[in-house]
Amino acid sequence: MNNLWINLKNICDCLNSMLTQEPLPTVKLKLAAFNITKLINCLPLEYLFPANQMRCIIGLSFLLFMIPDNYNIYEAMPQAEEICGFLSAIFDGVRSVWLFDFVNSGLYLQAVIKTLEKLVNKQKQMKDWTWMIQFFSCIINLSTRNVESLVSLEDCLSKLEINLENKVTILIICVLLQELAKIIQRAYLQDDYKRKIECIASVTCSHIVKCLKYDSSEVPDGQMYSLLINSYKETLEIMTSASFQFDENKKHECLELLPNIFENVLELLQGQVNDHKDVYLQFVSKICTHNKKLENYVPEDFKVLAWKTIFLYFKGKVELIKESSLKNSLQSVSTKNLHSYSTPKSSGNGLCKHVCPKYVCDSSTSPTLFAASDLIHFHLNESEKKVLKSLSTILTQEELNVIFQELMNEMDNYEIALLDVLYLQLKLEIVKSLIEVDYSQRFSSFSGSLQKCTSFLHCIVNEACDSTVCLCLVKFPVLEFLHFILKQDKVHLPRQCAIQFLHSCASIEINKQGRELKTYIRCFNSVWDIVYNLLVHYPDVVLTITADYLSFVTNLLKSLVLTGDQDNISTCSKDIQQDIHLCAQNMDRLLTVIARHKNEFCKLVPYIIADYVDSVQHVTLGSVIKSFLVSGINRLLDICNEDALKMLSVNINHSCREIFKNLVKNYKQYKYSG
80 MNNLWINLKN ICDCLNSMLT QEPLPTVKLK LAAFNITKLI NCLPLEYLFP ANQMRCIIGL
140 SFLLFMIPDN YNIYEAMPQA EEICGFLSAI FDGVRSVWLF DFVNSGLYLQ AVIKTLEKLV
200 NKQKQMKDWT WMIQFFSCII NLSTRNVESL VSLEDCLSKL EINLENKVTI LIICVLLQEL
260 AKIIQRAYLQ DDYKRKIECI ASVTCSHIVK CLKYDSSEVP DGQMYSLLIN SYKETLEIMT
320 SASFQFDENK KHECLELLPN IFENVLELLQ GQVNDHKDVY LQFVSKICTH NKKLENYVPE
380 DFKVLAWKTI FLYFKGKVEL IKESSLKNSL QSVSTKNLHS YSTPKSSGNG LCKHVCPKYV
440 CDSSTSPTLF AASDLIHFHL NESEKKVLKS LSTILTQEEL NVIFQELMNE MDNYEIALLD
500 VLYLQLKLEI VKSLIEVDYS QRFSSFSGSL QKCTSFLHCI VNEACDSTVC LCLVKFPVLE
560 FLHFILKQDK VHLPRQCAIQ FLHSCASIEI NKQGRELKTY IRCFNSVWDI VYNLLVHYPD
620 VVLTITADYL SFVTNLLKSL VLTGDQDNIS TCSKDIQQDI HLCAQNMDRL LTVIARHKNE
680 FCKLVPYIIA DYVDSVQHVT LGSVIKSFLV SGINRLLDIC NEDALKMLSV NINHSCREIF
740 KNLVKNYKQY KYSG
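When you line the sequence shown up against our numbering, it's residues 80 to 753, in that order.
This is how it looks when you write it as structure tokens:
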């Protein structure tokens, strides 16, 4: 061992000696001493060599332990967050961390907990625990690498004071349980290591159970209770693990609280939506995942209670969207009631009926409406998708059918003039989840009911007006749902139903002038998704209506040519430009798939080429868009015979002939020379 490492070992011995003292020594430092963090911030912390790495860790750790005695309440927490961030970067680096080869991991963790506990107690409320969770996760990962570190970690756990006031202690237990749950899932563990992990898991689970056995005078706040539920969720994962053997009495002690906790979680989910509800949803998902092993600890009507609660939770979320998005963002728009109104047609003096959001205080022309209408959308986050999927998985086929039929009947009974679009979006999302889980049969048992649903949705999109609001609230969600159905191989749609999907695209006027590019891109993608997937998944239907089908393809192509004008594109943001380039790439994909059906389309594709040439004469396409569109047109030229090309050259408009001539010339050069 050279002098550098000898000095480091001596420093680590001093640190170990300091960590054994109760309480930690108080050292008053000049605040200028903390300026060393500015230098450390300039270092490549993830790539430090071991000796430099150790010097940084020890120095930063010492500064961290000194923060409570050297900073006031307002400056201490940001300084601690910065130092913990530096330490996390080193711990997560590419090189091995040798800290716990020299420093006792249990004593180090205990000192970190006490330091951060002091800081948290000075704060009225901690809003962001993310950095602390990441820091604890790094320490625990290092502490669980070998049996020696695990022994120190177990000793630290035995000394922890477990009560609801010590939020940092609860947090470390929660993080520890999450890491233990990951370790348990490993394919192979050495026997002595496995036994030690089992002991630590048993102690940690007992700590969580102790916290959850609070009396009425110690009711935890929402933040703390969510931490406890998250920890108990990991306890369920550990106690139901098949690879680990736990004492039956210990299991019973940990699981006997489940009925009461489950009841409390359901009540919280039915209450006002808040930041902690993702944790409660994950808890319900975990129970569903291990329902067989937990059946003795959950109510007999567990599935019914859970389903009703989740549905009420979603309804509450819908109401929250109405109250917040419509009140704060739109100020005067209500989507609860949609009513029929009359508007002049673009040609003639007749009137046509459309479904359109009802505006209050005559706000139909309000610019804030069109600016924020794309924000009013019901969507599921990952926790919500997971709970729906896990709950649907444990339902029997008969129960799934009943729920699905109820949803279908509710949608079928809607009066279009009084349509509640957010509840419609909610039901469509639930139906998606049910269909994804309905994997037990070769063909979905929902296919028959879906036919009625899609017919209703076809009516909805065709009766809705083409305003930006109706596009975002009605047409886009419905077309997304139809696109989802098209991609489900087990859902076998009859011919007439598939044709309805195609005709639903006609509800979007894709060539409408004056539309924002962001809205145009969504219009294009919504129509393209259905047109493309209809040919991919239902070619037998498409090939019987080729002329009708190609009219939609032509509309997509012509709209993209007009939008792809380089003068138009050059003024857009980078993100919008990339999205339009992606639209052009998708157009190339669509034309390529069409070209694979040469016999069915060869007589009609010349008309697409003619429309393209006619459209492109009026614009100068951006280079990227032009390359994709020309690539797609070349695919169509591949299936055109010489007679078709001659017919095109004769019948095409005089103003377009030179463009067509150059197009064919470049195609032949591409074809024969690559």
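Glycine is no exception: its CB is placed at the ideal position from the N, C-alpha and C atoms. Predicted model only: the values in this text are computed from it and were never measured.
Among the options, nearest to residue i - alpha-carbon criterion
i: Phe128; options: Cys121, Leu98, Gly172, Met156; result: Gly172
i: Thr472; options: Arg601, Phe393, Lys382; result: Lys382
i: Lys289; options: Met303, Ile262, Cys333; result: Cys333
i: Ile738; options: Val709, Asp722, Ile718, Asn612; result: Val709
i: Gln579; options: Leu552, Ile609, Gln592; result: Ile609
i: Cys367; options: Thr598, Glu346, Val695, Thr319; result: Thr319
i: Ser175; options: Cys163, Met133, Tyr150; result: Met133
i: Phe341; options: Ser322, Phe323, Thr388; result: Thr388
i: Gly395; options: Asp326, Asp357, Pro378, Gly350; result: Gly350
i: Leu103; options: Glu125, Leu188, Gln158; result: Leu188
i: His660; options: Gly643, Trp208, Ser228; result: Gly643
i: Phe323; options: Leu629, Gly711, Ser228, Ile279; result: Ile279
i: Leu347; options: Leu391, Lys372, Lys371; result: Leu391
i: Thr633; options: Gly711, Val615, Leu700; result: Gly711
i: Met487; options: Lys464, Leu513, Ala385; result: Leu513
i: Leu641; options: Val615, Ser630, Ile704; result: Ile704
i: Asp326; options: Asn343, Lys365, Arg274; result: Arg274
i: Thr650; options: Glu595, Val684, Cys93, Leu561; result: Glu595
Own chain, CB closer than 8 Å to residue i, minus 5 neighbours either side, in chain order
i: Asn720; result: Cys681
i: Tyr617; result: Leu565, Leu572, Ala577
i: Met145; result: Val106, Leu108
i: Glu186; result: Note that residue 186 is Leu in the sequence shown here, rather than Glu. Taken in chain order, the residues that qualify are Asn95, Leu98, Thr99, Ser231, Cys235.
i: Pro338; result: Tyr376, Val377, Pro378
i: Lys292; result: Leu336
i: Glu759; result: Nothing can be reported for residue 759: it is not among the residues displayed for the chain, which extend from 80 to 753.
i: Lys740; result: Ser728
Alpha-carbon spacing of residue i relative to residue j, whole angstroms
i: Tyr686; j: Phe483; result: 44 Å
i: Phe563; j: Gln664; result: 21 Å
i: Ile731; j: Lys569; result: 45 Å
i: Ser442; j: Lys677; result: Here the model assigns Ser442 a pLDDT of 34, short of 50, so the residue's position is not dependable, and the following value carries that caveat. One C-alpha to the other measures close to 52 Å.
i: Leu107; j: Ser140; result: The sequence shown places Lys at residue 107, rather than the Leu named in the question. Going from the Cα of Lys107 to the Cα of Ser140 covers about 15 Å.
i: Leu670; j: Leu715; result: 7 Å
i: Ser638; j: Leu507; result: 29 Å
i: Val466; j: Gln302; result: 21 Å
i: Met726; j: Ser528; result: 48 Å
i: Asn541; j: Lys591; result: 16 Å
i: Leu636; j: Met666; result: 7 Å
i: Ala543; j: Cys549; result: 7 Å
i: Val481; j: Leu474; result: 11 Å
i: Glu160; j: Asp300; result: 23 Å
i: His369; j: Asn328; result: 19 Å
i: Ile624; j: Gln657; result: 33 Å
Contacts around residue i, its chain only, beta-carbon distance under 7 Å, and the 5 residues preceding and following it disregarded
i: Met156; result: Leu198, Gln202
i: Pro147; result: Ala155, Thr194, Lys197, Leu198
i: Lys415; result: Summary for Lys415: the model assigns pLDDT 39, below 50, so the residue's position carries little reliability; its value from the coordinates is reported in the next sentence. Excluding positions up to five away in sequence, the list reads Lys401, Asp499.
i: Val397; result: Phe457, Leu501, Tyr502, Leu505
i: Val692; result: Ile731, Cys735, Ile738, Phe739, Leu742
i: Asn245; result: Glu196
Inter-residue CB distance, residue i and residue j (contact presumed, cutoff 8 Å)
i: Leu232; j: Ser222; result: 5 Å
i: Leu195; j: Val254; result: In fact, because the Cβ distance is near 12 Å, the residues do not count as touching under 8 Å.
i: Ile136; j: Leu166; result: 7 Å
i: Cys662; j: Asn713; result: 18 Å between Cβ atoms; not a contact.
i: Ile655; j: Lys597; result: 7 Å
i: Phe215; j: Ile169; result: Their Cβ separation, rounded to whole angstroms, is 15 Å, which puts Phe215 and Ile169 out of contact at 8 Å.
Where residue i falls, given that 16 or more other Cβ within 10 Å makes a residue buried
i: Gln748; result: exposed
i: Leu399; result: exposed
i: Arg601; result: buried
i: Pro556; result: buried
i: His286; result: buried
i: Leu470; result: buried
i: Asn89; result: exposed
i: Arg675; result: exposed
i: Thr283; result: buried
i: Lys206; result: exposed
i: His554; result: Note on identity: in this sequence residue 554 is Lys, with His being the wrong assignment. Buried is the call here.
Close Cβ partners of residue i (< 6 Å) along its chain, the five nearest in sequence each way excluded
i: Glu316; result: Ala260
i: Ile249; result: Leu306
i: Ile308; result: Val358, Phe362
i: Leu742; result: none
i: Leu459; result: Glu508
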